[in-house]
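Enquirer: Right, I'll just put the structure down here and ask away after.
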Amino acid sequence: DCPYHLRLIAEVPLNGLPTHVLNLRRALLEGVGLAADEDESAIAFVKESMVQQLSNTYDSSAHAQRALTSTLCRLTMTGKLDVSHWLRHYVVSSMTTKEE
Numbered sequence: 001d002c003p004y005h006l007r008l009i010a011e012v013p014l015n016g017l018p019t020h021v022l023n024l025r026r027a028l029l030e031g032v033g034l035a036a037d038e039d040e041s042a043i044a045f046v047k048e049s050m051v052q053q054l055s056n057t058y059d060s061s062a063h064a065q066r067a068l069t070s071t072l073c074r075l076t077m078t079g080k081l082d083v084s085h086w087l088r089h090y091v092v093s094s095m096t097t098k099e100e
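When the letters of the sequence shown are read in order and numbered with the UniProt record's numbering, they come out as residues 1 to 100.
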């Protein structure tokens, strides 16, 4: 694993941060050889898979399930927090839309 100070940078929460802070995080991570884009693409994959699951258009094959599970396991705590924050908002907005 990474030294603690690099791990701390990787674990900075992404929600609600201004663009310049996100850019600084990315620059610091890339400066030490860690790919910030990998976490972002994994987060996007998980969110898309969850949207498909919640809308019943999800590929429920064993391969798709393994890919989602594997991606979830590889996410950093920051990624997991981002997905959980997004999921809460997605569910609440879905429920609000259905009630109207």
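For glycine and all other residues, C-beta sits at the position ideal for the given N, C-alpha and C.
In chain order, which beta strand (DSSP E) runs of at least 3 residues are fully inside the stretch 8 to 61?
Expert: Those beta strand (DSSP E) runs which fall completely within the stretch 8 to 61 and span 3+ residues do not exist here.
Enquirer: Would you kindly work out how many angstroms separate the C-alpha atoms of residue 68 and residue 96, rounded to a whole number?
Expert: For residue 68 and residue 96, the distance between alpha carbons rounds to 27 Å.
Enquirer: Please report the distance separating the alpha-carbon of residue 18 from that of residue 63.
Expert: Roughly 37 Å separates the two Cα atoms.
Enquirer: Rounded to a whole number of angstroms, what is the C-alpha to C-alpha distance between residue 45 and residue 51?
Expert: About 10 Å.
Enquirer: Looking only at C-alpha atoms, which of 54, 73, 27 sits nearest to residue 90?
Expert: If we check each option's Cα against that of residue 90, 54 comes out closest.
Enquirer: Who are the Cβ neighbours of residue 9 in its own chain at under 7 Å, not counting the five residues just before and after it?
Expert: Counting only Cβ-Cβ distances below 7 Å, and skipping sequence neighbours, we find 25, 28, 29.
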